[in-house]
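Undergrad:
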Amino acid sequence: MTIKGEMKVKELVEEMGRAGVLGAGRVYKATRLLSEMFQDNKMNIFLSMAGPLVAGGMRKIISDLLKEGKIQALITSGANLTHDLLEAFGGGHYHNIQPGKAKVGHIKDIYTKTEDFEVFEEKILKILESINSTGQVFSIREFIHEIGKHIQDEDSIIKNATDNNIPIYAPGIID
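Each residue of the sequence shown is one higher than the one before, counting from 1 in the numbering used here.
#1: Which value, in whole angstroms, describes the spacing of the CA atoms of E11 and M1?
#2: Report yes if the C-beta distance between I45 and Y169 is below 7 angstroms; otherwise report no.
#3: Are the segment 110 to 123 and the segment 46 to 56 touching, with three or more C-beta to C-beta distances below 8 angstroms?
#4: Can you name, in chain order, every residue of its own chain whose Cβ lies under 6 angstroms from the Cβ of H150, other than the five neighbours on each side?
#5: Answer yes if the segment 22 to 36 comes into contact with the segment 88 to 102, meaning at least three C-beta pairs across the two stretches below 8 angstroms, and no otherwise.
#6: With distances taken between CB atoms, is the gap from L66 to N160 smaller than 7 angstroms?
#7: What residue range does the beta strand (DSSP E) around A73 cover?
#8: Taking buried to mean at least 16 other C-beta atoms within 10 Å of its own C-beta, is F120 buried or exposed?
#9: Apart from the five residues just before and just after N167, which ones in its own chain have a Cβ nearer than 6 angstroms to its Cβ?
#10: When you compare each of A50, R59, N96 and K60 to G78 by their alpha carbons, which one comes out closest?
Dropping the structure here:
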């Protein structure tokens, strides 16, 4: 594998393919597979997300895939949906907060501010009250879709799934 100054990512991935083994080879194979999947218009892609992907900074990538119609269904945890809404309501995920100097929670080495969750709770309560006022009974998929109708943030996973009529399934919504 040869690394040159100012290589483009595509060139680096091709070099990783020449290595063919371990992490480098796997990055190459995964990149090729994703490329083939996204270029095949007949392919239906169901993206399953586990772990703190939204908190870890992957929110915009997933949101863009939904906007572009690259995935046809999303399966995720309630935690990823919560963190999407946390950011949709103006909160964030931080890596540069000193524990003990602010009221924070953490997910591995990612920090959240307590005040962001307070805003989240206020805003989601208003949305839930609005949805509940209809008297309808919803499946989890329909419920998430209804929440998406109330979200304004253009980078929200839930909003973009709702706007593009892409179902979100959350088997463990209360996790």
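Ideal Cβ positions, reconstructed from N, Cα and C, are used throughout, including at glycine.
TA: On the basis of the data shown:
#1: 11 angstroms
#2: no
#3: yes
#4: I127
#5: no
#6: Contact flag set, yes.
#7: A73 to I75
#8: buried
#9: According to the sequence provided, residue 167 is Pro. The question's Asn does not apply to it. Cβ-Cβ distances below 6 angstroms link P167 to A73 and R141 in the same chain, with the five nearest sequence neighbours on each side left out; the list follows chain order.
#10: A50
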